[in-house]
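Enquirer: Those sequence lines, one after another, are chains A and B.
Once you know that position 84 of the first sequence is 84 in UniProt numbering, the rest is easy, because the numbers rise by one and skip nothing.
Once you know that position 362 of the second sequence is 362 in UniProt numbering, the rest is easy, because the numbers rise by one and skip nothing.
Protein chains: 2
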Amino acid sequence: MVEDKENTASAGQEPVSKKAAKKQAKLAKKAEHKADTAAALAANEAAGDSAADHAAARYGLSEMIQSKDKRSEREFVTVSDLNAHVGKGLVWVRGRVHTTRAKGKQCFLILRQQSSTVQCILAVGDIISKQMVKFAGNIPKESIIDIQAKAVAVPTKIESCTEQLLELSVEQIFVISQAKAQLPLQIEDASRPENADDAEGLNIRVNQDTRLDNRVLDLRTPANQAIFRLEAGVCRLFRDILTEKGFTEIHTPKIISAASEGGANVFTVSYFKDSAYLAQSPQLYKQMAIAADFDKVYTVGAVFRAEDSNTHRHLTEFVGLDLEMAFKYHYHEVLHTIGNTFTAIFKGLRDKYSREIEAVGQQYKVEPFKFLEPPLILQFAEGVAMLREAGIETGDEEDLSTPNEKLLGRLVKAKYDTDFYILDKFPLAIRPFYTMPDPNNPMYSNSYDMFMRGEEILSGAQRIHDPEYLIERAKHHGIDITKIAAYIESFRYGCPPHAGGGIGMERVVMLYLGLDNIRKTSMFPRDPKRLTP
Amino acid sequence: MVEDKENTASAGQEPVSKKAAKKQAKLAKKAEHKADTAAALAANEAAGDSAADHAAARYGLSEMIQSKDKRSEREFVTVSDLNAHVGKGLVWVRGRVHTTRAKGKQCFLILRQQSSTVQCILAVGDIISKQMVKFAGNIPKESIIDIQAKAVAVPTKIESCTEQLLELSVEQIFVISQAKAQLPLQIEDASRPENADDAEGLNIRVNQDTRLDNRVLDLRTPANQAIFRLEAGVCRLFRDILTEKGFTEIHTPKIISAASEGGANVFTVSYFKDSAYLAQSPQLYKQMAIAADFDKVYTVGAVFRAEDSNTHRHLTEFVGLDLEMAFKYHYHEVLHTIGNTFTAIFKGLRDKYSREIEAVGQQYKVEPFKFLEPPLILQFAEGVAMLREAGIETGDEEDLSTPNEKLLGRLVKAKYDTDFYILDKFPLAIRPFYTMPDPNNPMYSNSYDMFMRGEEILSGAQRIHDPEYLIERAKHHGIDITKIAAYIESFRYGCPPHAGGGIGMERVVMLYLGLDNIRKTSMFPRDPKRLTP
Chain A
1 MVEDKENTAS AGQEPVSKKA AKKQAKLAKK AEHKADTAAA LAANEAAGDS
51 AADHAAARYG LSEMIQSKDK RSEREFVTVS DLNAHVGKGL VWVRGRVHTT
101 RAKGKQCFLI LRQQSSTVQC ILAVGDIISK QMVKFAGNIP KESIIDIQAK
151 AVAVPTKIES CTEQLLELSV EQIFVISQAK AQLPLQIEDA SRPENADDAE
201 GLNIRVNQDT RLDNRVLDLR TPANQAIFRL EAGVCRLFRD ILTEKGFTEI
251 HTPKIISAAS EGGANVFTVS YFKDSAYLAQ SPQLYKQMAI AADFDKVYTV
301 GAVFRAEDSN THRHLTEFVG LDLEMAFKYH YHEVLHTIGN TFTAIFKGLR
351 DKYSREIEAV GQQYKVEPFK FLEPPLILQF AEGVAMLREA GIETGDEEDL
401 STPNEKLLGR LVKAKYDTDF YILDKFPLAI RPFYTMPDPN NPMYSNSYDM
451 FMRGEEILSG AQRIHDPEYL IERAKHHGID ITKIAAYIES FRYGCPPHAG
501 GGIGMERVVM LYLGLDNIRK TSMFPRDPKR LTP
Chain B
1 MVEDKENTAS AGQEPVSKKA AKKQAKLAKK AEHKADTAAA LAANEAAGDS
51 AADHAAARYG LSEMIQSKDK RSEREFVTVS DLNAHVGKGL VWVRGRVHTT
101 RAKGKQCFLI LRQQSSTVQC ILAVGDIISK QMVKFAGNIP KESIIDIQAK
151 AVAVPTKIES CTEQLLELSV EQIFVISQAK AQLPLQIEDA SRPENADDAE
201 GLNIRVNQDT RLDNRVLDLR TPANQAIFRL EAGVCRLFRD ILTEKGFTEI
251 HTPKIISAAS EGGANVFTVS YFKDSAYLAQ SPQLYKQMAI AADFDKVYTV
301 GAVFRAEDSN THRHLTEFVG LDLEMAFKYH YHEVLHTIGN TFTAIFKGLR
351 DKYSREIEAV GQQYKVEPFK FLEPPLILQF AEGVAMLREA GIETGDEEDL
401 STPNEKLLGR LVKAKYDTDF YILDKFPLAI RPFYTMPDPN NPMYSNSYDM
451 FMRGEEILSG AQRIHDPEYL IERAKHHGID ITKIAAYIES FRYGCPPHAG
501 GGIGMERVVM LYLGLDNIRK TSMFPRDPKR LTP
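(1) Given this structure, state the Cα-to-Cα distance separating residue 85 of chain A from residue 129 of chain A, to the nearest angstrom.
(2) So, under 8 Å CB-CB, residue 451 of chain A and residue 423 of chain A are touching, yes? Tell me the CB distance rounded to an integer number of Å.
(3) Using a Cβ cut-off of 8 Å (strictly closer), state whether residue 331 of chain B contacts chain A.
(4) Return the CA-CA distance between residue 217 of chain A and residue 205 of chain A, expressed in angstroms with no decimal places.
(5) Among the residues of its own chain, which have a CB less than 6 Å from the CB of residue 236 of chain A, if the five just before and after it don't count?
(6) Who are the near neighbours of residue 326 of chain A in its chain, counting only those whose CB is closer than 8 Å to its CB and skipping five residues on each side?
(7) Mind listing the chain A neighbours of residue 252 of chain B? Cutoff is C-beta to C-beta under 8 Å, in chain order.
(8) For residue 531 of chain A, which residues in chain B fall below 8 Å Cβ to Cβ?
(9) I believe residue 439 of chain A touches residue 428 of chain A by the beta-carbon criterion, under 8 Å. Please report the beta-carbon distance rounded to the nearest angstrom.
(10) Below 8 Å, can you find three or more Cβ-Cβ pairs linking the stretch 162 to 172 of chain B to the stretch 115 to 123 of chain B?
(11) So if I threshold CB-CB distances at 8 Å, which residues from the stretch 234 to 251 of chain A count as touching chain B?
(12) With DSSP run on the structure shown, which of helix, strand or coil describes residue 105 of chain A?
(13) Among the residues of its own chain, which have a CB less than 6 Å from the CB of residue 112 of chain B, if the five just before and after it don't count?
(14) Taking its Cβ as the centre, do 16 or more other Cβ atoms sit within 10 Å of residue 304 of chain A, making it buried, or is it exposed?
(15) Are the beta-carbon atoms belonging to residue 375 of chain B and residue 426 of chain B less than 8 Å from one another?
(16) What residues in its chain sit with their C-beta under 7 Å from that of residue 521 of chain A, if we drop five residues either side in the sequence?
(17) With a floor of 3 residues, list each beta strand (DSSP E) that falls wholly inside the stretch 113 to 138 of chain B, ordered by position along the chain.
(18) Would you mind telling me which residues of chain B sit closer than 7 Å to residue 302 of chain A, beta carbon to beta carbon, in chain order?
(19) What is the C-beta distance between residue 267 of chain A and residue 271 of chain B, in whole angstroms, given that I count them as a contact (C-beta under 8 Å)?
(20) Tell me the DSSP secondary structure of residue 178 of chain A in three-state form.
(21) Just to confirm the assignment, what range does the beta strand (DSSP E) spanning residue 324 of chain B have?
(22) Relative to the alpha-carbon of residue 504 of chain A, which residue among A:320, A:466 and A:164 has its alpha-carbon at the smallest distance?
(23) Using the rule of at least 16 other Cβ atoms within 10 Å of the residue's Cβ for burial, across every protein chain shown, is residue 160 of chain B buried or exposed?
(24) So which residues of chain B does residue 325 of chain A contact, with C-beta pairs closer than 9 Å?
(25) What would DSSP say about residue 225 of chain A, mapped onto helix, strand or coil?
(26) With DSSP as the reference, label residue 155 of chain A as helix, strand or coil.
(27) If we cut at 8 Å on Cβ distances, does residue 454 of chain A have a partner in chain B?
(28) For residue 133 of chain A, which residues from the same chain have a beta carbon less than 7 Å from its beta carbon, with the 5 sequence-adjacent residues on both sides left out?
(29) Across which residues does DSSP place residue 238 of chain A in a beta bridge pair?
(30) What residues in its chain sit with their C-beta under 7 Å from that of residue 181 of chain B, if we drop five residues either side in the sequence?
(31) Per the DSSP calculation, residue 255 of chain B is bridged to which residue(s)?
(32) Please list the residues of the stretch 123 to 150 of chain A that have a C-beta atom closer than 7 Å to any C-beta atom in chain B, keeping them in chain order.
(33) How close, in whole Å, do the beta carbons of residue 284 of chain A and residue 448 of chain A come, if the pair is a contact with beta carbons under 8 Å?
(34) Here's the rule I'm using: 16 or more other beta-carbon atoms within 10 Å means buried, otherwise exposed. How should residue 533 of chain B be labelled?
(35) Measuring only between beta-carbons, confirm whether residue 364 of chain B sits less than 8 Å from chain A.
(36) Given 8 Å as the limit, is there contact between the stretch 362 to 371 of chain A and the stretch 464 to 481 of chain A, that is, 3 or more CB pairs closer than that?
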């Protein structure tokens, strides 16, 4: 699916000759004709006989929209704007058939447009024929249709639709794109609330793999529509807040020449006659941008981890929200900047995405995300003390296991009433070689993690900016200095002290909403077992 | 350089024992001591004898900034804000030594901070000793220093600095991060105007490879500082303008299971026990997002092309600004949206990035970018006619060669006075199989390219949204239907007509500024011969 025409030319496709083009035109004509015929057939079939159909021109299968004309006279109204048209003239609406049911002389059809739904009615009379009612009742679910209708106020609320105070009295109906009659999953099933009352176990659930295998359908549920709009909001807020703070966006290469830390968990790429790797993080490049005087930088982009981890929170490819910042004297200048960025993101989501949060809440149990301002900062040692107080045995220099991490999250929530906190001063022993040791206590380091609902979503640190000290620390870790020579070299031309961190975007969205699986917040997730769609 | 601690643990690094930690602390102490000693030594050496140095406490090599204390009493002033401090008290400034020269009892030092420069002066007297002057004169270029100084108005403009009306009278000077004495390139050389008067050929030029090999230094030139800030602006404008128009940002996978168009020009990745590919474009995923009701989407991300093209405008990895949009009846709804987005980007750059454009212009010959509002749209056939009028032989269904593309750009500029235009209705024969044919003329298609200064920067089209017609067209192109089954399948559940396009970010920046090589607008470029840094 390459767009660049230079590539297209070299993709080995034969150019179409004029003769072939003519044949093509014929085929297109034929397809058009077929559509018209199908419409006629559908109408006749609906009639069940050859009785004259006074509504014949008002419904059918539309020919494929090939940009033949602009039909600029048709002004379309969105479903959520329909209330402004109640009691007024005819409007055109395009949407999907969510459900449709013809019964006798009436057809009730629910039209869906993204997360909005509206009831449509066709009743036999002067305008509508019984053939037309039958046609409408037979349109496969998920087909895209154009209707011309009047918006009419209803006396009792329509509970099954988002537009509860009106319905559409349809006068014309055309199928724009017809869906298969058999769908691999029903939007209704895929949208069902997780905690719905289902004592008899009759409700069909759609499992994760079926959803992901048919992502185009699955993404149409109101919850998914909301999740990915909120995800776009997280990125937007991240960028806007940092831009406001004077950060510059950069782009870092994904294909790199050397696996930075010994080659563990890294994907290999064939690069012409050579081998290369996919970057596990943009860190080296962010640091180079700092050494190159960009002062404060961020980057949003794909990050790759060849870990064979099949958990609820690991992906092999995810979106990294990374930032790096020069500071004057203390890495807390950076730590506070990152902490405040999170606070601003949480506020932005709460204030600007309340509709999306509510939509997700209709299907999944979403507990409101709590945060403090300014954010809570605990020392690693304090965290250890809290765990010990709760009866957990854990060493001073031991990393937090996933269960301990989660428990600590619960303890912090109970004590401080916040779903977000920062753990500062991790033990030096469990951090990478380039982490700046704590000058005041050799057991610790100038590094931090940040947590949402008890799960780590950012890891960061002050980096060693002195090349000699970096060599010393790398040797101490048993790292082959020759393999990181280029990295060390970038600090030899003067480099300000700096710190930063990397955030997993999908994790932030998952944990903000309190969802149980990261595959719910990656549009097309990649894990060791999934490479499609 | 992995940040996730879970990875760190698995990267095979031994945890540091307490004993080792103590040793570590000792080493750090030693390094500190070394620094102090070095400062003392430097001072003594400067003195040339053991004479008492009354300024000894006011200069030296600072110990490595390890976040020991916050020194919050030191308020730093940026160079560009210094004019507000003229005639007032002492201020602290951190920056790089751009040049320094001690001569007798005085030292002239130019301090650089990103693109700003200011002259600093140290003169022997009550505050400054001759040792201190010598010390300042010996600081290697590009070192980062902290100075405490008074801003003083100067009677005659300092032409060599961006701050021309003031200089800094230094009272304290400390080296924060010392650069190597020998630099692989001089910022001065790398910043020299391309068209500088150099009759004797004495000026050193820095070639592209030397620049890229030492990118951390090269990026410090005022032109590069400006180029990458403007590039961030292009992305920001692209996103903001589309968000304003109701688009949603999405993220698409870079690792894909099948090479979409026969496997030409695609990088292969080892994926656990399997093989995978790097995406050449997000098109399939954008289209799936449209089929999934996101209506209007864009994505900014890495795109990979395994083409062995070593030209001024090809990269193997670049940043794609991609968008896709459902429309009602005519793909021109999308074409106009894209065209207007470009107009808004050009206006945004002109209005908000004039300083950056000017900075680039100091080094490279930048002709102002001209555009029309609304943008000029020509038919492909009109373009062919213009070329023929200029004496070029070219077929009706022949693609534009690069020289013809450039010539057409010049002809359009001469006739319409615009550096941006849209060429609509490309011949069907030279476009990919999924391009919608023109319903009114079988020789053409509903596809378009957009050009800046005569080079293609966007290619796009209405895509075929009807699965049967798509199969027909694929077969016509001799494509194995089984290999694109998943792609076709995504249109079987109802899909609105849609169109879109893909933009090469680096090309937009290169052509907007009129630069001659795409490596100038990629921070860390990748081409068939370059994988580093």
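Ideal placement from N, C-alpha and C gives every residue a C-beta, glycine not left out.
Expert: The answer reads as follows:
(1) Answer to the nearest angstrom: the Cα atoms are 25 Å apart.
(2) 7 Å
(3) yes
(4) Rounded to whole angstroms, residue 217 of chain A to residue 205 of chain A spans 15 Å at the Cα level.
(5) none
(6) 290, 295, 296, 496, 497 and 498
(7) Result: 523 and 524.
(8) 255, 256, 257, 271, 274 and 276
(9) Not quite, the Cβ-Cβ distance comes to about 11 Å (not below 8 Å), so this is no contact.
(10) yes
(11) 235, 236, 239, 243, 248, 249, 250 and 251
(12) coil
(13) 95, 96 and 98
(14) buried
(15) no
(16) 227, 231, 506, 509, 510 and 515
(17) If we require 3 residues or more, the beta strand (DSSP E) runs fully inside the stretch 113 to 138 of chain B come out as 116 to 123.
(18) 254, 301 and 302
(19) 7 Å
(20) coil
(21) 317 to 326
(22) A:320
(23) With fewer than 16 other Cβ atoms inside 10 Å of its own Cβ, residue 160 of chain B counts as exposed.
(24) Per Cβ cutoff of 9 Å: no residues; residue 325 of chain A is ~13 Å from chain B at best.
(25) helix
(26) coil
(27) no
(28) Result list for residue 133 of chain A: 102, 105, 106, 107, 122 and 124, in chain order.
(29) DSSP output for residue 238 of chain A lists no bridge partner at all.
(30) 140
(31) B:278
(32) 142, 143 and 144
(33) So it is not a contact: roughly 20 Å between Cβ atoms.
(34) buried
(35) Chain A, which has no Cβ nearer than 8 Å to the Cβ of residue 364 of chain B, makes this no.
(36) no
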